[in-house]
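Residue numbers 14 to 198, in my numbering, belong to the letters of the sequence shown in order.
For glycine and all other residues, C-beta sits at the position ideal for the given N, C-alpha and C.
Predicted model only: the values in this text are computed from it and were never measured.
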Amino acid sequence: MNRALKLAVLLLPLAGLGGLWAMSDHTFRQGTEWEVPIAGFDPRDFLRGHYVEFTYDWPGVEEFRDAPPQMLCLEGRAPALARVTPLMEGEPCAHPVRADTTGVYGWEGLTRGRLYLDQDRAGAMQRELQKPDLRGIVTLRQREDGSFTAISIRFRPLTADEIALRDAQNEGAGDLRPPPPIMVQ
């Protein structure tokens with residue numbers, strides 16, 4: 014009996030940890046996946062681990078970039094994001110996202126994001142970030158409560174429209190235009 018009690022005392026915390034991990038994994042996998050364009054990357058920070066830090070380039074948000082809202086409504090057919098609109102508390106929205114004020118970025122959680130990578134992927138990401146004709150796309154998982162998590166990143170070639178816009182911006186800015194911002198801490 015004493016042996017069984019000792020075994021139970023050892024196994025109970027492991028079972029509890031296993032249950033917590035299973036609940037966390039289940040929550041992580043819930044939600045709708047959306048593909049969101051990004052800009053302004055920092056591929057790693059050796060003091061805090063390997064990650065890509067980026068700025069969300071939400072379609073349709075240009076008019077409120079200086080004062081981002083704390084909630085957005087995603088529109089489109091997942092995973093294709095057509096546009097986002099500002100959302101006020103209590104307004105109806107099928108796919109809301111809200112800033113996580115307790116997260117790394119606090120109230121800026123809808124403008125900035127971070128995706129952790131293993132060391133090998135961070136090196137490959139560094140090479141991809143140096144190619145000017147690629148567009149970064151983050152897949153995020155949006156849940157019913159408005160929380161969301163970046164789960165992957167990929168790159169695709171710029172479209173003809175994106176190349177034309179980039180070239181027009183470069184032409185208008187002349188040779189003195191600085192490169193796109195890189196989020197470095």
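Exercise for the section: With a threshold of 16 other CB atoms inside 10 Å of the CB of V151, please say whether the residue is buried or exposed. Expected result: Working through the sequence shown from its first residue, we reach residue 151 at position 138. Taking every protein chain shown into account, the CB of V151 has 16 or more other CB atoms within 10 angstroms, so this residue is buried.
(request) State the DSSP-derived secondary structure class of Q132, mapped to helix, strand or coil. (result) Here residue 132 refers to the residue found at position 119 when the sequence shown is read from its first residue. Note: Q132 maps to helix in three-state DSSP.
(request) Tell me, to the nearest whole angstrom, how far the beta carbon of L128 is from that of Y64; I am working on the premise that it is less than 8 Å. (result) Mapped onto the sequence shown, residue 128 falls at position 115. Mapped onto the sequence shown, residue 64 falls at position 51. Sure, about 6 Å apart at Cβ, within 8 Å.
* Asked: Between the segment 97–112 and the segment 162–173, do at least 3 Cβ pairs fall closer than 8 Å?
  -> Note that the segment 97–112 does not touch the segment 162–173; fewer than 3 beta-carbon pairs, one per stretch, sit closer than 8 Å.
By a C-beta neighbour count over all protein chains shown, 10 Å radius and 16 as the cutoff for buried, is G185 buried or exposed? Taking the first residue of the sequence shown as 1, we reach residue 185 at position 172. With fewer than 16 other beta carbons inside 10 angstroms of its own, G185 counts as exposed.
ask   = Could you give the residue range of the beta strand (DSSP E) that holds C86?
value = Residue 86 sits at position 73 when you count from the first residue of the sequence shown. Per DSSP, C86 is one residue of the beta strand (DSSP E) stretching across M84 to R90.
Discussion item. According to DSSP, simplified to helix, strand and coil, what is W71?
Written reply: Counting from one through the sequence shown, the residue named residue 71 turns up at place 58. In the structure shown, W71 sits in coil (DSSP, three-state: anything other than H, G, I, E or B).
Practice task
Confirm, please, whether the CB-CB distance from D113 to S165 is below 9 Å.
Solution key: For the purposes of this step, residue 165 is taken as residue 152 along the sequence shown, with counting starting at 1. For the purposes of this step, residue 113 is taken as residue 100 along the sequence shown, with counting starting at 1. Cβ distance not < 9 Å, so S165 and D113 don't count as in contact.
(message) Taking its Cβ as the centre, do 16 or more other Cβ atoms sit within 10 Å of A21, making it buried, or is it exposed?
(response) On the sequence shown, residue 21 is found 8 positions in, with the first residue counted as 1. It counts as exposed.
- request: May I ask you to report which of helix, strand or coil DSSP gives M159?
  value: The residue given as residue 159 occupies position 146 in the sequence shown. Sequence check: residue 159 is Gly here, not Met. Coil at G159, not helix or strand.
Cα separation between L147 and E104? To locate residue 147, count along the sequence shown from 1; it is residue 134. To locate residue 104, count along the sequence shown from 1; it is residue 91. When the Cα atoms are used, L147 and E104 turn out to be separated by approximately 36 Å.
> Per DSSP, what kind of secondary structure is L123 in: helix, strand or coil?
Replying inline: Residue mapping note: residue 123 aligns to position 110 of the sequence shown, counting from 1. If DSSP states are grouped into helix, strand and coil, L123 belongs with coil.
Review point. Three-state secondary structure (DSSP) at A117?
Key: By one-based count along the sequence shown, residue 117 stands at place 104. Before going on, a small fix: residue 117 reads as Val here, not Ala. DSSP places V117 in coil when its eight states are reduced to three.
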